[in-house]
Amino acid sequence: KAGVTQTPRYLIKTRGQQVTLSCSPISGHRSVSWYQQTPGQGLQFLFEYFSETQRNKGNFPGRFSGRQFSNSRSEMNVSTLELGDSALYLCASSRQTGGNDQYFGPGTRLLVL
Amino acid sequence: DQQVKQNSPSLSVQEGRISILNCDYTNSMFDYFLWYKKYPAEGPTFLISISSIKDKNEDGRFTVFLNKSAKHLSLHIVPSQPGDSAVYFCAASARNSGYALNFGKGTSLLVTP
Numbered sequence: 284k285a286g287v288t289q290t291p292r293y294l295i296k297t298r299g300q301q302v303t304l305s306c307s308p309i310s311g312h313r314s315v316s317w318y319q320q321t322p323g324q325g326l327q328f329l330f331e332y333f334s335e336t337q338r339n340k341g342n343f344p345g346r347f348s349g350r351q352f353s354n355s356r357s358e359m360n361v362s363t364l365e366l367g368d369s370a371l372y373l374c375a376s377s378r379q380t381g382g383n384d385q386y387f388g389p390g391t392r393l394l395v396l
Numbered sequence: 038d039q040q041v042k043q044n045s046p047s048l049s050v051q052e053g054r055i056s057i058l059n060c061d062y063t064n065s066m067f068d069y070f071l072w073y074k075k076y077p078a079e080g081p082t083f084l085i086s087i088s089s090i091k092d093k094n095e096d097g098r099f100t101v102f103l104n105k106s107a108k109h110l111s112l113h114i115v116p117s118q119p120g121d122s123a124v125y126f127c128a129a130s131a132r133n134s135g136y137a138l139n140f141g142k143g144t145s146l147l148v149t150p
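Just so you know, the protein sequences line up as chains A and B, in that order. Numbered according to our numbering, the first sequence spans residues 284 to 396. Numbered according to our numbering, the second sequence spans residues 38 to 150.
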């Protein structure tokens, strides 16, 4: 079956702009989690959505938000971009909330200039 | 603060020998541990996991050992193959935080012929 897909794969924005990233989970998976990967901090958990509800949230400012649609697709939004937001954003899907069987997408590489 | 630490950024091993990747954690509430493998331009791929009620889990050439008293786990790959060359991430999760994955910063393994 098809894996987790993320769009776009690459993105360049300037400081102060906002960005929306999209994630389509594996068919039948209802949980979507988002992670940020940077060279300095590694992979850090942003938030998890299950059945259109945010179930868990990491330690990120309110500029980072997300949502999930009824078809389990999820979007992540970052407002007022900062240089430090440059990172690889990964999403992972699993069947259930808190599921350990998390399957990752290839990520969206965001560069903020 | 980094709750999961992989203190070796890189490791080089000859083909056929054993690769040992180490991981330490600080949060005693972690009750599930996972190893992911990541190739460039791809998302992490789940490799093997272990519950805190066990001290060893084996899957083919991959074995994970957990030492709860030392808050330490290791991944053994025997025998190592050139195709194992990748970045390996250790991750830990806790039931009381919704099983959000806490990742180490990764160890880059190079298996030379």
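We put the CB at the ideal spot given by N, CA and C, even for glycine.
Boundaries of the beta strand (DSSP E) harbouring Met359 of chain A: Ser357 to Val361, taken from the DSSP string.
Taking 9 angstroms as the cut-off, the Cβ atoms of Ser348 of chain A and Asn339 of chain A do not count as close. If you compare the alpha carbons of B:Ser47, B:Thr82, B:Ile114 and B:Asp61 with that of Ile55 of chain B, the shortest gap goes to B:Ile114. Contact check for Gln324 of chain A against Thr363 of chain A fails: the beta carbons are separated by 9 angstroms or more.
A distance below 6 angstroms between beta-carbons, with the five flanking residues on each side excluded, links Leu304 of chain A to the following residues of its chain, in chain order: Met359, Tyr372 and Thr391.
A direct Cα-to-Cα measurement between Pro389 of chain A and Lys108 of chain B gives close to 31 angstroms. When A:Ile295, A:Phe333 and A:Ala370 are compared, the shortest CA-CA separation from Gln319 of chain A is found for A:Ala370. In chain order, Arg313 place their CB closer than 7 angstroms to the CB of Ser334 of chain A, counting only its own chain and leaving out the 5 sequence neighbours on each side. For Ala137 of chain B, the chain A residues whose C-beta falls within less than 9 angstroms of its own C-beta are Ser316, Phe328, Phe330, Glu331, Asn339, Lys340, Gly341 and Gly381, listed in chain order.
With contacts defined by Cβ atoms closer than 9 angstroms, Val101 of chain B and Ser111 of chain B form a contacting pair.
Below the 7 angstroms Cβ cutoff, chain B contributes Phe140, Gly141, Lys142 and Gly143 as neighbours of Gly325 of chain A, in chain order.
For a Cβ distance threshold of 7 angstroms, residue set Pro389 of chain A lies close to Glu79 of chain B, ordered along the chain. Excluding sequence positions up to five before and after Ser89 of chain B, its CB lies within less than 8 angstroms of the CB of Phe67, Asp68, Tyr69, Phe70, Leu103 and Lys105, all in the same chain and listed in chain order. The residue among A:Ser307, A:Pro291 and A:Arg346 with its C-alpha nearest the C-alpha of Arg298 of chain A is A:Arg346.
Taking 3 residues as the minimum length, the beta strand (DSSP E) runs contained wholly in the stretch 67-105 of chain B are 69-75, 82-88, 93-96 and 99-104, in order along the chain. Taking the C-beta atoms as reference points, Ser47 of chain B is found nearer than 9 angstroms to Ser145 of chain B.
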